[in-house]
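K.L.:
With numbering that gives the first Met the number 0, the residue at position 135 of the sequence shown is 134, and numbering never jumps.
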Amino acid sequence: MPNLAAVLRDAEQRLAHSSPSARLDAEVLLAHVLQKPRSYLAAWPAKTPPRDALAYFGELLERRAAGQPVAHLTGEREFWSLSLQVSEATLIPRPETELLVERAATAIRRNAASRVLDLGTGSGAIALALALKFPRLKITASDASTEALRVAERNRKMLGASNVSVVHSDWFQALNDDYEIIVANPPYVPGDDPHLREGDVRFEPRLALDGGDDGLECLRYIIRLAPRRLLHGGWLLLEHGFDQGAAVRELLSAAGFSAVGTHRDLAGHERVSEGRRQ
Ligand code: GLN
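Dropping the structure here:
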């Protein structure tokens with residue numbers, strides 16, 4: 000029987016043609032199968048994995064080689080140091096969205112805010128990261144997809160975030176409260192962008208990604224309606240595409256927001272824009 004080092008080497012080779020992160024994928028999947036942290040693999044390279052674990056690992060490798068996202072195979076993804084459950088019903092949380100959490104945290108402190116809305120919460124990633132950081136905050140996490148809400152609610156329970164309420168709403172439709180901060184990571188990829196037909200994105204819900212012809216449809220709609228649910232002096236914070244900063248700033252200014260600005264993610268891309276309701 001091969002040891003862990005050999006199993007990983009072989010798996011990396013099998014994934015080399017289909018994944019840009021073959022080694023990492025192999026490690027994450029093997030650690031998942033063995034129910035150990037990834038560090039275990041480096042610590043015990045000479046150990047021999049059990050036969051049934053190897054068989055299961057082989058199945059997962061095959062599915063990964065066919066393109067399925069690692070997060071769908073393990074059923075989880077780390078975001079803001081939280082382990083979140085994910086499924087085909089939601090976007091897989093992305094590292095750049097942590098910038099939105101950081102900017103929201105700054106706005107919450109600055110306004111001493113007590114009520115926050117995460118519009119289109121998906122897996123609940125943003126709402127839950129904020130809820131655990133600010134236990135006294137009341138957060139509404141809404142989504143139009145009932146399947147996504149099931150994922151968000153499961154994550155909420157698992158993390159014990161009693162300060163989050165998960166509600167069904169198509170954008171603002173079923174929301175009647177006013178908020179001091181509204182955050183959203185809406186769909187913003189242009190419908191004909193080839194990106195939607197590549198890699199992991201192919202396995203994610205179109206509803207969470209496709210922002211219409213120019214990618215700005217949902218952003219435009221949210222910016223137009225947000226002032227109705229935002230208290231005076233409250234902030235709207237939005238994630239958007241790397242090339243949409245100028246357009247989003249313009250939309251925010253045209254809708255009467257002040258202190259409009261954009262922040263760059265770790266890759267240096269304009270990623271989060273914000274504005275204050277007068
Ligand atoms: N950043 C994501 C992507 O490029 C899109 C996320 C979104 O539309 N909210 O795949």
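Ideal Cβ positions, reconstructed from N, Cα and C, are used throughout, including at glycine.
Note that the coordinates shown come from a computational prediction; the quantities given were computed from them, not determined experimentally.
Using the DSSP secondary-structure output, state which residues sit across from tryptophan 170 in a beta bridge.
P.N.:
The residue labelled residue 170 in the question sits at position 171 within the sequence shown. DSSP lists no partner for tryptophan 170.
K.L.:
Can you give me the C-alpha to C-alpha distance between serine 82 and threonine 73, rounded to a whole angstrom?
P.N.:
Position 83 of the sequence shown, counted from the first residue, corresponds to residue 82. Position 74 of the sequence shown, counted from the first residue, corresponds to residue 73. Serine 82 and threonine 73: Cα-Cα distance of roughly 11 Å.
K.L.:
What whole-angstrom Cβ distance do proline 193 and cysteine 217 have, given they're in contact under 8 Å?
P.N.:
Along the sequence shown, one-based indexing puts residue 193 at 194. Along the sequence shown, one-based indexing puts residue 217 at 218. Not confirmed; about 20 Å, so no contact.
K.L.:
CA-CA distance, glutamine 84 and valine 163?
P.N.:
Sequence index remark: in the sequence shown, residue 84 carries index 85 (1-based). Sequence index remark: in the sequence shown, residue 163 carries index 164 (1-based). Each residue's Cα considered, the two are about 16 Å apart.
K.L.:
What residue from Glu26, Val182, Ser20 has the CA that sits closest to alanine 126's CA?
P.N.:
Locating residue 126 in the sequence shown gives position 127, where the first residue counts as 1. Comparing Cα-Cα distances from alanine 126 to each of Glu26, Val182, Ser20, the minimum goes to Val182.
K.L.:
Span of the beta strand (DSSP E) holding tyrosine 178?
P.N.:
In the sequence shown, residue 178 corresponds to position 179, counting from 1. 178-183 is the extent of the beta strand (DSSP E) around tyrosine 178.
K.L.:
Give the range of the alpha helix (DSSP H) segment to which alanine 147 is assigned.
P.N.:
By one-based count along the sequence shown, residue 147 stands at place 148. Alanine 147 -> alpha helix (DSSP H) spans 145-158.
K.L.:
What's the call for proline 189, buried or exposed, on a 16-neighbour Cβ count within 10 Å?
P.N.:
Within the sequence shown, the letter at position 190 stands for residue 189. So proline 189 ends up on the buried side.
K.L.:
On the criterion of 16 or more Cβ atoms from any shown chain inside 10 Å, does glutamate 249 qualify as buried, or is it exposed?
P.N.:
Working through the sequence shown from its first residue, we reach residue 249 at position 250. Glutamate 249 is exposed by the Cβ-count criterion.
K.L.:
Would you verify that the beta carbon of arginine 219 is, or is not, closer than 8 Å to some beta carbon of chain C?
P.N.:
The chain labelled as chain C is not found in the depicted structure, where only one protein chain is given.
K.L.:
In the DSSP assignment, find the unbroken alpha helix (DSSP H) run with glutamine 12 in it and report its ends.
P.N.:
Position 13 of the sequence shown, counted from the first residue, corresponds to residue 12. Glutamine 12 -> alpha helix (DSSP H) spans 3-14.
K.L.:
Taking only runs that begin and end inside the region 77-136, name each unbroken alpha helix (DSSP H) of 4 or more residues, in chain order.
P.N.:
Here the runs fully enclosed are 96-110, 124-132.
K.L.:
From Ile107, Gly255, Ser272, Phe256, pick the residue whose C-alpha is nearest to that of arginine 263; which is it?
P.N.:
In the sequence shown, residue 263 corresponds to position 264, counting from 1. Comparing Cα positions, the closest option is Ser272.
K.L.:
Report whether the distance from the Cβ of glutamate 146 to the nearest heavy atom of the ligand GLN is below 7 Å.
P.N.:
Indexing the sequence shown from 1 puts residue 146 at position 147. Incorrect: glutamate 146 has no Cβ contact closer than 7 Å to the ligand GLN.
K.L.:
Specify, as a first and last residue, the run of the beta strand (DSSP E) that threonine 261 falls within.
P.N.:
Taking the sequence shown and counting its residues from 1, one reaches residue 261 at position 262. Taken as a continuous stretch (DSSP letters only), the beta strand (DSSP E) holding threonine 261 covers 256-263.
K.L.:
Count the other C-beta atoms from every protein chain shown that fall within 10 angstroms of the C-beta of glutamate 241, then say buried if there are 16 or more, exposed otherwise.
P.N.:
For the purposes of this step, residue 241 is taken as the residue at position 242 of the sequence shown. The sequence shown places phenylalanine at residue 241, rather than the glutamate named in the question. Flag for phenylalanine 241 reads exposed.
K.L.:
Whose C-alpha, out of Ala266, His268, Ala245, is nearest the C-alpha of valine 259?
P.N.:
Counting from 1 along the sequence shown, the entry for residue 259 is found at position 260. Of Ala266, His268, Ala245, the residue nearest in Cα terms is Ala245.
K.L.:
For the beta strand (DSSP E) that glutamate 273 lies in, which residues bound it at each end?
P.N.:
As a working mapping, residue 273 is identified with position 274 in the sequence shown. Per DSSP, glutamate 273 belongs to the beta strand (DSSP E) from 269-276.
K.L.:
Specify the secondary structure class of histidine 194 as computed by DSSP and reduced to three states.
P.N.:
For this step, residue 194 is matched to residue 195 along the sequence shown. Reduced to three states, the DSSP call for histidine 194 is helix.
K.L.:
I'd like the list of long-range same chain contacts for glycine 199, defined as Cβ closer than 6 Å, with 5 residues on each side in sequence excluded.
P.N.:
By 1-based counting over the sequence shown, the position of residue 199 is 200. Glycine is not the amino acid found at residue 199; the sequence shown has aspartate there. Counting only Cβ-Cβ distances below 6 Å, and skipping sequence neighbours, we find Pro68.
K.L.:
Under 7 Å: does the beta carbon of glycine 210 sit that close to some heavy atom of the ligand GLN?
P.N.:
Taking the sequence shown and counting its residues from 1, one reaches residue 210 at position 211. Correct: glycine 210 has its Cβ closer than 7 Å to the ligand GLN.
K.L.:
State yes or no: is the C-beta of tyrosine 187 nearer than 7 Å to some heavy atom of the ligand GLN?
P.N.:
Your numbering for residue 187 matches position 188 in the sequence shown. Answer for tyrosine 187: yes, Cβ within range of the ligand GLN.
K.L.:
By the three-class DSSP mapping on this structure, what secondary structure does glycine 233 have?
P.N.:
On the sequence shown, residue 233 is found 234 positions in, with the first residue counted as 1. Three-state DSSP puts glycine 233 in a strand.
K.L.:
Once the 5 residues before and after glutamate 179 are set aside, which same chain residues still bring their CB inside 6 Å of it?
P.N.:
To locate residue 179, count along the sequence shown from 1; it is residue 180. Once the five neighbours on either side are set aside, the close Cβ partners of glutamate 179 are Asn110, Ala112, Arg114, Leu230, Gly233.
K.L.:
Going by the CB atoms, is the gap between alanine 104 and leucine 129 shorter than 8 Å?
P.N.:
Position 130 of the sequence shown, counted from the start, is the residue given in the question as residue 129. Position 105 of the sequence shown, counted from the start, is the residue given in the question as residue 104. Yes, the Cβ-Cβ distance between leucine 129 and alanine 104 is below 8 Å.
K.L.:
Taking the alpha-carbon of glutamate 77 as reference, which of Pro36, Arg63, Leu53, Ser252 has the nearest alpha-carbon?
P.N.:
Taking the sequence shown and counting its residues from 1, the one referred to as residue 77 is at position 78. When each option's Cα is compared against that of glutamate 77, the closest is Pro36.
K.L.:
In the region 14-71, which residue ranges form an unbroken alpha helix (DSSP H) of at least 4 residues, counting only runs that do not cross its ends?
P.N.:
Fully enclosed alpha helix (DSSP H) runs of 4 or longer: 21-33, 38-42, 50-64.
K.L.:
Report the residue from Leu90, Gln243, Phe171 whose alpha carbon sits nearest the alpha carbon of arginine 205.
P.N.:
As a first step, residue 205 must be located in the sequence shown, where it is residue number 206. Taking only the C-alpha atoms, the option nearest arginine 205 is Leu90.
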